[in-house]
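Residue numbers (this note's numbering), protein chains in the order written: chain A, 91 to 308; chain B, 91 to 308. Beta carbons: idealized from backbone N, C-alpha and C, even for Gly. None of these values were measured; they are calculated from a predicted model. Below is one structure, written out as structure tokens; the observations come after it.
There are 2 protein chains.
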Amino acid sequence: MAKTRAEPGGTPPRGRIDKREAILDAAFRVFAEQGYDQAGVEAIAAEAGVAKATIYNHFGDKESLLRAIISDLAEGALAEHLAIVERLTDDRDLRAALEDVGYGLLDRYFDEKTVWFRRLLAAEITQFPDLLDIVRGRTADRIMDALANRLARLALAGRLRITDPVVAADQFWALLAGPAEVRSMMGTRRITETELRTVVSQGVDTFLRAFGPPGETA
Amino acid sequence: MAKTRAEPGGTPPRGRIDKREAILDAAFRVFAEQGYDQAGVEAIAAEAGVAKATIYNHFGDKESLLRAIISDLAEGALAEHLAIVERLTDDRDLRAALEDVGYGLLDRYFDEKTVWFRRLLAAEITQFPDLLDIVRGRTADRIMDALANRLARLALAGRLRITDPVVAADQFWALLAGPAEVRSMMGTRRITETELRTVVSQGVDTFLRAFGPPGETA
DNA sequence: TAGCAACTAGACTGACGGGTCCAACAAGCT
DNA sequence: AGCTTGTTGGACCCGTCAGTCTAGTTGCTA
């Protein structure tokens, strides 16, 4: 928690700390590629270049380590996704803005680390139901909420014909993530940038056909 | 493999067979609720009312048992989903037909067994990548393909304004499954029938706004 | 009646892995 | 110098579990 103090001069007093970060990093990598149950704590220690006891010093047990990772990653992912949604302003070309935000979101969502994160979470949610609480309010909910806000603004400005912005946000996201998900073969296949652009373009097309201004129904 | 022969008369010679079915059933239940790694073979045997050795007689090892289950369920799910898609004919009211098929698909897709199946698959796909091969061509692909065929027929009949039926099928499904998925909290929450109906109704609305006949753009 | 094939209960082995403990070490603080 | 805190390597304990084996049982077939 306490970063062992601020920085005094050039190098922070991290003569030996940062073990915690190293462990979190390594543990995520090992969990992701082997699964929580299969991954041995010794393997994680090796990957992190750390003694096994150090892991237990920091996290108590394997389960808490998992929780720490999930919590950590959820935080980071949320921030990134929110920043992208912010780009949906009404001073831009509508289609371009939607495609920009759509592509940004999808790109993060199908980035390798995020995919591993989702898989890990899905896999262990049965065994550790409280992981949902850790994540809840920090991911999809919040992002969809922010997106709904933006869409509502656009509707008010007369640029979209939306009745319920929450539904529109859900559907906008579904039109992008759904087809992309199919192409990713349950996250086992890496999606190319070209595919992503196609999906986004087609999704925004459909979204605008349904909710776009009267003139733009192509 | 050999069903101990065909049926001679009324009851097949299943005086004591059906162990295999019982094992598959029980194993799925145990795997689903505990996860593959956590689930012990002894627990499965108990649940199935069978001796541990019998399991090894039938399936050789735990891994093969998992594969058999996945294969088995994929087969069943495919048949059910396909039957539902068949109901999308052009001699019915368009919106009603779309809602009927949409609801049917969603209902199966979020039925408890199917949810467990997806979770189990997602969880173990890393450890056993060949599970994908077992399932591939038996699920989403085939169903989306059948759906695309139906949509193409409707387009030809002048009832939908679709250019690419494959894209339309993907997006139709995405408009339903996406919002439903959000509401299911990663499959941990059971979706009510009312919610499902709402999602379907809203999804079909949007789909028709984008692809419906000119007059019907509500 | 005998024979066969699947089934059963339970003991057993061998490996693996979470978690603990300990003696030694490295660094910062006073 | 000493104290403290975090770290290290490795031995160690112990529970769990996949998979094997055996001796005996059931029920069907001939």
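When rounded, the separation of the alpha-carbon atoms in L210 (chain B) and Q128 (chain B) is 12 Å. The Cβ neighbour count for L178 (chain B), taken over all protein chains shown within 10 Å, is at least 16; the residue is labelled buried. The C-beta of I215 (chain B) comes closer than 7 Å to at least one C-beta of chain A. Beta-carbon to beta-carbon, F121 (chain B) and I159 (chain B) are separated by about 7 Å, close enough to satisfy the 8 Å threshold. Within the segment 246-264 of chain B, the residues whose Cβ lies closer than 7 Å to some Cβ of chain A are V257, D260, Q261, W263 and A264, listed in chain order. For R228 (chain A), the secondary structure class from DSSP, reduced to helix, strand or coil, is coil. A buried status is given to R240 (chain B), since no fewer than 16 other beta-carbon atoms sit within 10 Å of its beta-carbon. Cβ neighbours of L222 (chain B) within its own chain (closer than 7 Å, five residues either side excluded): I215. If only uninterrupted alpha helix (DSSP H) runs of at least 4 residues are considered, those enclosed by the segment 209-264 of chain B are 221-225 and 230-246. Residue environment for G150 (chain A): exposed (fewer than 16 other C-beta atoms within 10 angstroms of its C-beta).
Judged by DSSP in its simplified three-state form, I145 (chain B) adopts helix.
Listed along the chain, the chain A residues whose CB falls inside 9 Å of the CB of E123 (chain B) are T216. Distance from the CA of L156 (chain B) to the CA of A112 (chain B), rounded to the nearest whole angstrom, comes to 14 Å. In the three-state reduction of the DSSP assignment, F297 (chain A) falls in the helix class. A buried status is given to A213 (chain B), since no fewer than 16 other beta-carbon atoms sit within 10 Å of its beta-carbon. The DSSP-derived three-state label of I174 (chain A) is helix.
If you look at I134 (chain A), you'll find it in the alpha helix (DSSP H) that goes V131 to A138. About 39 Å separates the beta carbon of L114 (chain B) from that of D181 (chain B), a gap too long to meet the 8 Å contact definition. Cβ-Cβ separation between A164 (chain A) and V225 (chain A): approximately 5 Å, consistent with a contact (criterion under 8 Å).
Taking each of B:A136, B:T278 and B:A270 in turn and checking the Cα distance to L195 (chain B), the smallest one comes out for B:A270. The Cβ atoms of E285 (chain A) and R273 (chain A) lie closer than 7 Å to each other. Under the three-state reduction of DSSP output, R287 (chain A) falls in the helix class.
Listed in chain order, the positions of the segment 291-302 of chain B with a beta carbon within less than 9 Å of a beta carbon of chain A are Q292, G293, D295, T296, F297, L298, R299, A300 and F301. For the pair of segments examined, the segment 290-304 of chain B was found to touch the segment 251-269 of chain A: the number of CB pairs separated by less than 8 Å reaches three. For D254 (chain A), the closest of A:A267, A:L237 and A:L265 by C-alpha to C-alpha distance is A:L237. For D183 (chain A), there is no enclosing alpha helix (DSSP H), as DSSP gives it neither H nor E. Of all residues in the segment 264-275 of chain B, the ones placed with a Cβ closer than 7 Å to any Cβ belonging to chain A are A264, L265, A267, G268, P269, V272 and M275, in chain order. Just so you know, the alpha carbons of A230 (chain B) and A264 (chain B) end up roughly 12 Å apart.
With a threshold of 16 other beta carbon atoms within 10 Å, R251 (chain B) falls short and is exposed. When the beta-carbon positions are compared, R208 (chain A) and L168 (chain A) stay at least 7 Å from each other. Ranked by how close their Cα comes to the Cα of T288 (chain A), the residues A:L246, A:M234 and A:D190 have A:D190 in first place.
Taking the beta carbon of T278 (chain B) as reference, the chain A residues within 9 Å of it are I215, T216, P219 and L222, listed in sequence order. Listed by position along chain B, the residues whose Cβ is nearer than 9 Å to that of R209 (chain A) are A212, A213, I215 and T216. Sequence-ordered contacts of the segment 228-242 of chain B with chain A read A230 and M234 [C-beta pairs closer than 8 Å]. By the Cβ-count criterion, R279 (chain A) is exposed, with fewer than 16 other Cβ atoms from all chains shown falling within 10 Å of its own Cβ. Between K152 (chain B) and V131 (chain B), the C-beta spacing is below 7 Å.
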